[in-house]
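Quick note: the sequence shown, position 213, residue 213 per the UniProt record's numbering, numbers continuous. For every residue, glycine included, the Cβ atom is placed at its ideal position computed from N, Cα and C.
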Amino acid sequence: MKKIAIANMKGGVGKSTSAMMLADVLSHQYEKRVLLIDCDPQSNLSQMILSFPGLKSAKAAGCTITNWIESFGNGTMLGHNPSPDIDAARTIQSNVSGLESLRMNNPRRRNGQISLWAATPDLRFAELAFDHLYFVAGDRASPRNMLNGLLKDALSSVEVQFDYAIFDCPPGFSTLSQSALLQADLILSPLNVDRVSLWSLMNFWKQGLEETLSLGVTRRYAFLTMVAGGNGAKREKLKLREDLRRFAGTSVLETEIPFSVQALRFVRRVDEQSYTTFNHKYGGIRKTVESFGNEVLNLVY
């Protein structure tokens, strides 16, 4: 199972939408088994995939990553080796795609699938409780190291069920986000066509990935999202892309995700029983979304 993290410390750059696009392409076009892992308390990805009623049902059933993290405070403690009340597999929801081609009772259903480890808004409080419980004086990294080990074990327990795991990381640099980044085989950082986005990316890669997590430069790539049309926007994009290349070198995807009103309308699912086609969901940017998935596939192997 290859693991991909979508991450940048700046919010509003399209991390959740990019994670969903990638999962849709891998499952629909390449018929891969994809596990989406929502690490963001904002729960945007979970709502996009499940719908708001579906996310409420997942929370009521205890099928979220929040429940999994909370269990380490409720389980039996032996020193600093936690034993959770629930295992990861019980908190992951299977076959949750809203694409018609992946609907379970579709007689022409494709072989791909999307499963989801959903997040809820109280995930942040679960993380804070975890950090407090496993903090060791003089070692600020102790909660991260503990959660990283637990996450590694959890993913190992389900890896035969999936071809890819995609982490949707939150803005900032939470303990869960750091653990996801340490697990990832590939890190993708979206940014908008603006200077603050580029500045944030530079700080994230330098201070976050290199200095804090000691991650090398070979497994990270940047890509532009919500790219607007028009001559003025094009000139600004070319200038920013030039500066991005100067900073990141060849670690920049060729694919650029354009701004799309249709995609914004259809990325959110109405309810658990609503389905749409891949073409209808992405409309005029369908080919771009497919190119994005193809480019990422070539990088991860």
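The ligand SAH heavy atom lying under 7 Å from the CB of residue i
{"i": "N44", "result": "In the structure shown, the ligand SAH is absent, as is every other ligand, since no ligand is present at all."}
For residue i, the three-state DSSP class (helix, strand or coil)
{"i": "V289", "result": "helix"}
{"i": "F278", "result": "helix"}
{"i": "F167", "result": "strand"}
{"i": "L78", "result": "No answer about L78 holds up, because its pLDDT of 39 lies below 50 and its placement is not dependable."}
{"i": "F52", "result": "helix"}
{"i": "V296", "result": "helix"}
Spatial distance of residue i from residue j (CA atoms)
{"i": "S179", "j": "V96", "result": "25 Å"}
{"i": "N55", "j": "I65", "result": "Note on residue identity: the sequence assigns Leu, not Asn, to residue 55. The alpha-carbon atoms of L55 and I65 are separated by roughly 12 Å."}
{"i": "R274", "j": "G98", "result": "Reading off the sequence shown, one finds Ser at residue 274, where the question assumed Arg. Each residue's alpha carbon lies about 7 Å from the other."}
{"i": "F130", "j": "T175", "result": "9 Å"}
{"i": "L188", "j": "G112", "result": "22 Å"}
{"i": "N67", "j": "E159", "result": "20 Å"}
{"i": "F247", "j": "F125", "result": "36 Å"}
{"i": "S260", "j": "S16", "result": "15 Å"}
{"i": "N106", "j": "E100", "result": "7 Å"}
{"i": "R110", "j": "H132", "result": "45 Å"}
{"i": "F292", "j": "S18", "result": "9 Å"}
{"i": "M77", "j": "S71", "result": "Confidence is the limiting factor: at M77 the pLDDT is only 43, short of 50, which leaves the residue's position unreliable, though a coordinate-based value still follows. So the alpha carbons of these two residues sit roughly 11 Å apart."}
{"i": "D243", "j": "S177", "result": "27 Å"}
{"i": "N203", "j": "A58", "result": "35 Å"}
{"i": "S251", "j": "V217", "result": "9 Å"}
{"i": "K287", "j": "V267", "result": "16 Å"}
{"i": "I69", "j": "W205", "result": "27 Å"}
{"i": "L147", "j": "R108", "result": "41 Å"}
{"i": "Y301", "j": "L186", "result": "10 Å"}
{"i": "G75", "j": "E127", "result": "Note on G75: pLDDT 44, under 50, position unreliable in the model; no value is reported."}
Spatially closest choice to residue i from the options, by CA coordinates
{"i": "M9", "options": "M1, D271 and F173", "result": "F173"}
{"i": "D40", "options": "N67, E70, P53 and A119", "result": "A119"}
{"i": "T225", "options": "L191, W117 and R103", "result": "L191"}
{"i": "M1", "options": "L147, A154 and R103", "result": "A154"}
{"i": "E290", "options": "A89, E272, T255 and I6", "result": "T255"}
{"i": "T91", "options": "G73, N44 and A61", "result": "A61"}
{"i": "Q161", "options": "L116, R108 and D194", "result": "L116"}
{"i": "residue 304", "options": "G208, F278 and L297", "result": "This structure cannot settle anything about residue 304, because the visible part of the chain is limited to 1 through 301."}
{"i": "L253", "options": "N294, L151 and K206", "result": "N294"}
{"i": "V270", "options": "P53, Y164, S157 and I37", "result": "P53"}
{"i": "V193", "options": "L181, C169, K239 and L150", "result": "K239"}
{"i": "N298", "options": "E242, H28 and Y221", "result": "Y221"}
{"i": "A184", "options": "L198, C169 and Y282", "result": "C169"}
{"i": "S43", "options": "D122, M146 and S27", "result": "D122"}
{"i": "V296", "options": "N203, S57, E127 and R219", "result": "R219"}
{"i": "L36", "options": "I166, L147 and R108", "result": "I166"}
{"i": "P258", "options": "I285, R245 and K59", "result": "I285"}
{"i": "T276", "options": "S197, K3, L102 and M202", "result": "L102"}
{"i": "F278", "options": "G249, L151 and H28", "result": "H28"}
{"i": "L151", "options": "V136, A89 and W205", "result": "A89"}
{"i": "I4", "options": "R108, S157 and L181", "result": "L181"}
{"i": "V13", "options": "E236, I86, N148 and L201", "result": "L201"}
{"i": "C63", "options": "Q93, D38 and V300", "result": "Q93"}
Any C-beta of chain B under 8 Å from that of residue i
{"i": "K56", "result": "Among the protein chains of the structure shown there is no chain B, as only one such chain exists."}
- Message: Just to confirm the assignment: which complete alpha helix (DSSP H) runs, minimum length 4, are found wholly within the region 87–152?
- Response: 123–134, all fully within the region 87–152.
- Query: Are the region 25–37 and the region 209–228 in contact at 8 Å, needing three or more beta carbon pairs?
  - Reply: The answer is no - the region 209–228 does not touch the region 25–37, with fewer than three Cβ pairs under 8 Å.
- Message: Runs of 3 residues minimum, wholly inside the region 178–264: which ones carry the beta strand (DSSP E) assignment?
- Response: 186–191 and 220–224
- Is there contact between the region 21–30 and the region 217–234, where contact requires at least three CB pairs shorter than 8 Å? no
- Indicate whether the contact test is met: 3 or more Cβ pairs, each with one atom in the region 131–149 and one in the region 36–51, closer than 8 Å. no
- Query: Which ranges would you report for the alpha helix (DSSP H) in the UniProt domain "AAA" (1–49) if only whole runs of at least 4 residues count?
  - Reply: 15–28
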